[in-house]
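Novice: This structure is in structure tokens; I'll ask about it shortly.
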Amino acid sequence: MDLLEEYENSFKFKKETYKIIGCAMKVHSELGSGFLEAVYQEALSIMFRNEKIPFEKEKLLEIEFLGQKLNKKYIADFICFDEIIIEAKAVKELNNVHIAQVFNYLKATNKKLGLLINFGAESLEYKRIAL
10 MDLLEEYENS
20 FKFKKETYKI
30 IGCAMKVHSE
40 LGSGFLEAVY
50 QEALSIMFRN
60 EKIPFEKEKL
70 LEIEFLGQKL
80 NKKYIADFIC
90 FDEIIIEAKA
100 VKELNNVHIA
110 QVFNYLKATN
120 KKLGLLINFG
130 AESLEYKRIA
140 L
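Remember, the numbering used here sits 9 above the position in the sequence shown when you count from 1.
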């Protein structure tokens, strides 16, 4: 594998990620910071529909341990393109707990990419989290 192939493989879902972040930027530019997370989730749903991004909202994620499903479930804010987990926040700043949350969602689903998006800061913040 040459360096170009390695670089392209390290950024799986580049086009999809770009579209999702673009939607988040539009939501943040229209609403600004200060709303509850649920407001941003609803606005993001509208943007995803407008941009024809396939998504599931509040997707229930099952967790397995030693081949058995646990009663405890996670709920991801969105799964886009059947592959990218989106976790929206409306906090002053992101921290390691938020990152760990997305990482756990990835482990629970065997998905390879998550986006942590924070609408609560003055400027939109996002982190790309890959397994």
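All C-beta atoms, glycine included, are put in the ideal place defined by N, C-alpha and C.
Take F64 as the anchor and find which of K82, E51, Y135 and E131 has the nearest alpha-carbon.
Specialist: Comparing Cα positions, the closest option is E51.
Novice: Going by DSSP in three states, E60 sits in which element: helix, strand or coil?
Specialist: Correct three-state label for E60: coil.
Novice: Quick one: what's G123 bridged to in DSSP?
Specialist: In DSSP, G123 forms a bridge with I94 and I138.
Novice: State yes or no: is the C-beta of A33 within less than 7 Å of the C-beta of I72?
Specialist: Not in contact: A33 and I72 (Cβ atoms no closer than 7 Å).
Novice: So what's F112 in DSSP terms, helix, strand or just coil?
Specialist: Helix.
Novice: Does the Cβ of L140 lie closer than 6 Å to at least one heavy atom of the ligand COA?
Specialist: With respect to small molecules bound, the structure shown includes none, and the ligand COA cannot be examined in it.
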